[in-house]
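**Student:** Below you'll find the structure I mean.
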């Protein structure tokens, strides 16, 4: 929507700080980008780098659609400034499949039909990958609580929990217990 | 978002120097609250000073047997830290009652202390709000005030402090460690946040050129008898309508020491030492807890939509103290209240 002329005038009075150069390591690829300091990590990924798999839902940290992994931890990319993630390792939904094979969590979401419209799905999957590596959920109840940062307006929650349970059990089956 | 300058601080002294040089500047670490406020146009900093490279991310023992938590320790790391889990489970429980895993991964200890209210009028820049724009009026007093304060409010502001972590810190008598141009300070948590009074735009007693460097916990963690009970509109990922941090030290069937702090009811974590004194020496029984609740709420006042909070708080206090006394703290996974 067009800004009112008053708002535009006020905007013009503010300084126009120099752009900054940062290097984001996205899905294993170093991306050197030049951006304004107020660019969020979400906008950097979608607009500057062109990886639109990460979704903008509420843009206020309330829905989880923008969840990505930064240095292995799940965060809301809409509330992070890209300039503060210089040199960080970032994994988005585009980086989960390896050698043409879906990530076990991606496969589990398909197996369980864990979505309807699909808009929240990239965030759900990245969040679930973070959840599994945190190793703090051991029951459906704990999965529900520790996935509470991801809202699904289609209400696919039961299938999402089922998918994550499947991915968790495959992980624990394929790896020795007590590993790091 | 509005345009702002961006710089990085290399150490605490540099951070203090930078904030002192620019009155419109703000520190940024986790950003979970500040970036949102900038997007909404509620806060318009001229500069953000990135403090995430400061070496303030350790949790270490203090000489007196307590713990010192660096200001940059993320909420999730703090909640799951083995020493916190073992010695200060009330704090771990309160942190896990708040926000979401993603936000807890980002948010820091220092930032949590500086969270601003979630009052809808504070966020809505088209409405008057004394906290956002001093002198413009309070839209909540005669507006939609279901979430608002029932204790310690003023005619200027009836907003509440949104933090869960701070409620536990109040009950545990934590201290906030700061550094500024005039040196270092240690501020009791009770004196850190302010009541709105005539200056609701000022949330805390942190100086303009000061930075929070950490939080110190005294040795006594009340790890045996505690509970953090949070009542909200949905089971997870919502701010408190009322929350209660209860901690008891029980000896030979008598309460030797009690701590009681409430969240969601006031402009700051609401600790009531008069109620605590009343509990000490009393049996850990429902009658004692009900009397303490009466004391806490003796000057409670509703503003219409939030009248229900007074009775809700009364019941939550009794329940949290009962949970603490019986050694069955509220689970933050299974939210059924027992």
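Residue numbers (the numbering used here), protein chains in the order written: chain A, 539 to 718; chain B, 4 to 341.
Note that beta-carbon positions come from the ideal geometry of N, C-alpha and C, so glycine has one too.
1) Residue range of the beta strand (DSSP E) that residue 257 of chain B falls in?
2) Determine the chain A residues that contact residue 34 of chain B at a beta-carbon separation under 8 Å, and present them in chain order.
3) For a test of the three-state rule: what should DSSP assign to residue 586 of chain A, helix, strand or coil?
4) Beta-carbon within less than 6 Å of residue 233 of chain B's beta-carbon, same chain only, minus the 5 sequence neighbours each way: which residues are those?
5) Output needed for residue 559 of chain A: all residues of its chain with C-beta closer than 6 Å, excluding positions within five of it in sequence on either side, in chain order.
6) Let's test the definition: count the other Cβ atoms within 10 Å of the Cβ of residue 648 of chain A and tell me whether it reaches 16, buried, or not, exposed.
7) Assign residue 301 of chain B to one of three DSSP states: helix, strand, or coil.
8) Quick check: is the beta carbon of residue 53 of chain B nearer than 7 Å to any beta carbon in chain A?
9) Are the C-beta atoms of residue 698 of chain A and some chain B residue less than 7 Å apart?
10) Can you pull the chain A residues whose beta carbon is under 7 Å from the beta carbon of residue 336 of chain B, in chain order?
11) Quickly, what does DSSP pair residue 43 of chain B with across the bridge? List them, please.
12) Which partner residues of residue 627 of chain A appear in the DSSP bridge assignment?
13) Kindly say whether residue 9 of chain B, judged by its beta-carbon, lies nearer than 7 Å to any beta-carbon of chain A.
14) Taking the C-alpha atoms as reference points, what is the distance between residue 6 of chain B and residue 314 of chain B?
15) Excluding the 5 residues preceding and the 5 following residue 44 of chain B in the sequence, name in chain order all residues of the same chain whose CB lies nearer than 6 Å to its CB.
16) Taking CB distances under 7 Å as the criterion, tell me whether residue 671 of chain A reaches chain B.
17) By DSSP's criteria, residue 103 of chain B is part of a beta bridge. Which residues make up the other side?
18) May I have the straight-line CA-CA distance separating residue 545 of chain A from residue 126 of chain B, to the nearest angstrom?
19) Can you have a look at residue 98 of chain B and say buried or exposed, based on whether 16 or more other CB atoms are within 10 angstroms of its CB?
20) Tell me which residue opens and which closes the beta strand (DSSP E) that residue 608 of chain A is part of.
21) Classify residue 649 of chain A as helix, strand or coil using the three-state DSSP reduction.
22) By a C-beta neighbour count over all protein chains shown, 10 Å radius and 16 as the cutoff for buried, is residue 549 of chain A buried or exposed?
23) For a quick check, are the C-beta atoms of residue 283 of chain B and residue 258 of chain B less than 7 Å apart?
24) How would you write the range of the beta strand (DSSP E) that residue 158 of chain B sits in, first residue to last?
25) For the structure I just gave you, are there three or more beta carbon pairs, one from the region 578 to 597 of chain A and one from the region 12 to 23 of chain B, closer than 8 Å?
26) Taking three-plus beta-carbon pairs below 8 Å as touching, is the region 63 to 72 of chain B in contact with the region 211 to 223 of chain B?
27) Chain A beta carbons: is any one of them nearer than 7 Å to that of residue 108 of chain B?
28) Would you kindly work out how many angstroms separate the C-alpha atoms of residue 90 of chain B and residue 228 of chain B, rounded to a whole number?
29) Can you say whether residue 216 of chain B is buried or exposed, counting buried as having 16 or more other CB atoms within 10 angstroms of its CB?
30) Residue 233 of chain B lies in the beta strand (DSSP E); which residues open and close that run?
31) So is residue 706 of chain A buried or exposed if we call it buried at 16+ other beta carbons inside 10 Å?
32) Secondary structure at residue 557 of chain A, three-state DSSP: helix, strand or coil?
33) Along the region 559 to 584 of chain A, where does the CB come closer than 8 Å to a CB of chain B? Name the residues.
34) Is there a C-beta anywhere in chain B that falls below 7 Å from the one on residue 650 of chain A?
35) Quick check on residue 205 of chain B: buried or exposed, where buried means 16 or more other Cβ atoms within 10 Å of its Cβ?
36) Please list, in chain order, all residues of the same chain as residue 269 of chain B whose beta carbon is under 8 Å from its beta carbon, the five residues on each side excluded.
**Tutor:** In this structure, then:
1) Its beta strand (DSSP E) spans residues 257 to 266.
2) 617, 618, 619 and 622, listed in chain order.
3) Three-state DSSP puts residue 586 of chain A in a helix.
4) If we look at residue 233 of chain B and ignore the five residues flanking it on each side, its Cβ neighbours are 100, 243 and 246.
5) So the list reads 572, once near-sequence residues are dropped.
6) With fewer than 16 other CB atoms across the displayed protein chains lying within 10 angstroms of its CB, residue 648 of chain A is exposed.
7) Three-state DSSP puts residue 301 of chain B in coil, outside helix and strand.
8) So yes, residue 53 of chain B belongs to the interface.
9) Closer than 7 Å: no.
10) For residue 336 of chain B, the neighbours in chain A by C-beta distance under 7 Å run, in chain order, 679, 680 and 683.
11) Residue 43 of chain B pairs with nothing; no bridge assigned.
12) In DSSP, residue 627 of chain A forms a bridge with A/563.
13) Yes, because at least one Cβ of chain A sits closer than 7 Å to the Cβ of residue 9 of chain B.
14) Separation of residue 6 of chain B and residue 314 of chain B (C-alpha to C-alpha, rounded to the nearest whole angstrom) is 46 Å.
15) 128.
16) No, residue 671 of chain A lies away from the interface with chain B (no Cβ there is under 7 Å from its Cβ).
17) Residue 103 of chain B pairs with nothing; no bridge assigned.
18) Unreliable positioning characterises residue 545 of chain A in this predicted model, as indicated by a pLDDT of 48, which lies under 50. The coordinate reading is nonetheless provided below. Computed Cα separation, rounded: 18 Å.
19) Label assigned to residue 98 of chain B: buried.
20) Counting along the chain, residue 608 of chain A sits inside the beta strand (DSSP E) bounded by residues 605 to 608.
21) It is helical.
22) Low confidence applies to residue 549 of chain A: its pLDDT is 49, below 50, so where it sits in the model is not reliable, and the reading given next is rough at best. Exposed, because fewer than 16 other Cβ atoms sit within 10 Å of the Cβ of residue 549 of chain A.
23) With a cutoff of 7 Å on beta-carbon distance, residue 283 of chain B and residue 258 of chain B are scored as near each other.
24) Looking at the DSSP string, residue 158 of chain B is not in any beta strand (DSSP E), and its letter there is neither H nor E.
25) Contact annotation: the region 578 to 597 of chain A does not touch the region 12 to 23 of chain B, with fewer than three C-beta pairs closer than 8 Å.
26) With a cut-off of 8 Å, the region 211 to 223 of chain B and the region 63 to 72 of chain B count as touching, because enough Cβ pairs lie within range.
27) Yes, its Cβ sits closer than 7 Å to a Cβ of chain A.
28) Linking residue 90 of chain B to residue 228 of chain B through their CA atoms gives a straight-line distance of about 12 Å.
29) Per the 10 Å Cβ criterion, buried.
30) For residue 233 of chain B, the enclosing beta strand (DSSP E) starts and ends at 228 to 234.
31) Using a 10 angstroms sphere on the CB of residue 706 of chain A, the tally of other CB atoms reaches 16 or more, which defines it as buried.
32) When DSSP states are grouped into helix, strand and coil, residue 557 of chain A belongs to the coil group.
33) Going along the region 559 to 584 of chain A in chain order, one finds 574, 575, 576 and 578 with a Cβ nearer than 8 Å to chain B.
34) The beta carbon of residue 650 of chain A does not come within 7 Å of any beta carbon belonging to chain B, so the residue lies off that interface.
35) Burial call: exposed.
36) Same-chain partners within the cutoff: 152, 153, 154, 155, 156, 163, 164 and 198.
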